[in-house]
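Notes follow once the structure below has been shown.
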Amino acid sequence: QQQVKQSPQSLIVQKGGISIINCAYENTAFDYFPWYQQFPGKGPALLIAIRPDVSEKKEGRFTISFNKSAKQFSLHIMDSQPGDSATYFCAARDYKLSFGAGTTVTVRA
Amino acid sequence: DTGVSQDPRHKITKRGQNVTFRCDPISEHNRLYWYRQTLGQGPEFLTYFQNEAQLEKSRLLSDRFSAERPKGSFSTLEIQRTEQGDSAMYLCASSFGQPSYEQYFGPGTRLTVT
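Protein chains in written order, with our numbering: chain A, -16 to 92; chain B, 7 to 120.
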């Protein structure tokens, strides 16, 4: 039973465009919501994270939007670059991380 | 390099053999986690340690799996009598503090059971 649902499974965006990935959860005990970026053959790398008392967090071209009442959060990648082509995972923490199934992002030059 | 390291990076074994993986966390990180990731899926939690104490084990961790963290430093994950279904990437992560939010992952060990 997947505790974090992630969509879409994959997306293609043009260079300079915006990538949007959505996640939803049910467990209200989750207290921290990170996003990880993973390249083939590598471990996940922490990208950006948010606490549930904040509605938005921005770091460079990456923004998390968080809607506590809807139990949803999303990642926006602005000005997408070919180097952003990777798989992105949302996650939610109680004492461990529960991950979504991942979104493969392809940025076309 | 001060990140999480894992050894070996790749392991091919025959069904029924035992394998052991090692994880070295970031220095001074008191929590260490093991996850398993199959192709096309997100990592799934297996177990975690706070210092040398194993505090939680997922139901995914059958009795063929055992993990240790002697002296609260590096950790080992052993799989006995491997099965083809054990083929996956085994990821280690570590974190520090209480609460320990940020988990930093190693490069993983890719296990292939033939």
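No residue lacks a Cβ here, since even glycine has one placed at the ideal position from N, Cα and C. Please read all numbers here as calculations on a predicted model, not as lab measurements.
Under 8 Å from the C-beta of residue i: neighbouring residues of chain B
i: Y71/A; result: Those within 8 Å of Y71/A in chain B number zero; the least Cβ separation is about 10 Å.
i: G85/A; result: G46, Q47, G48
i: A32/A; result: Y107, E108
Residue i: contacting residues in chain A (beta-carbon distance under 9 Å)
i: L97/B; result: G26, P27
i: G91/B; result: Within chain A, no residue comes near G91/B; the closest Cβ sits about 19 Å away, beyond 9 Å.
Whole-angstrom distance between residue j and residue i, CA atom to CA atom
i: P49/B; j: R42/B; result: 5 Å
i: F71/B; j: Q56/B; result: 19 Å
i: D69/B; j: G91/B; result: 15 Å
i: L58/A; j: F22/A; result: 17 Å
i: P14/B; j: D30/B; result: 12 Å
i: A53/A; j: G112/B; result: 33 Å
i: Y8/A; j: Q(-15)/A; result: 9 Å
i: E34/B; j: L52/B; result: 22 Å
i: W40/B; j: G43/A; result: 30 Å
i: R65/B; j: R87/B; result: 18 Å
8 Å contact criterion, which residue i and residue j should meet: CB distance rounded
i: V(-13)/A; j: G83/A; result: 5 Å
i: I32/B; j: G46/B; result: Rounded, the Cβ-Cβ distance is 28 Å, inconsistent with contact.
i: W18/A; j: I31/A; result: 5 Å
i: Y15/A; j: Y107/B; result: 5 Å
i: R37/B; j: S79/B; result: With a Cβ gap of about 13 Å, R37/B and S79/B do not count as contacting.
i: Y54/B; j: K79/A; result: 6 Å
Cβ-Cβ distance between residue i and residue j below 8 Å
i: T82/B; j: E74/B; result: yes
i: I47/A; j: I60/A; result: no
i: G114/B; j: Q23/B; result: no
i: Q(-3)/A; j: R76/A; result: no
i: K77/B; j: E58/B; result: yes
i: A99/B; j: L117/B; result: no
i: T44/B; j: E84/B; result: no
i: T89/A; j: I1/A; result: no
i: S38/A; j: F49/A; result: yes
i: Q20/A; j: A12/A; result: no
i: S81/A; j: G(-1)/A; result: no
i: K51/A; j: P65/A; result: no
i: N5/A; j: S(-10)/A; result: yes
i: V119/B; j: R28/B; result: no
Partner residues on chain B for residue i, Cβ-Cβ distance less than 9 Å
i: K82/A; result: The sequence as given places Phe at residue 82/A; Lys does not occur at that position. What F82/A touches in chain B: Y41, Q43, Q47, G48, P49, E50, F51.
Partners in chain A for residue i, counting only beta-carbon separations shorter than 7 Å
i: Q112/B; result: In the sequence as displayed, the identity of residue 112/B is Gly instead of Gln. Ordered by position in chain A, the residues that pass the 7 Å Cβ test against G112/B are G26.
i: Q109/B; result: L80
Beta-carbon neighbours of residue i, restricted to chain A and to distances below 8 Å
i: E62/B; result: Y78, K79
Within 7 Å of chain B by C-beta, residues of the stretch -12 to 18 of chain A in sequence order: Listed in sequence order: Y15.
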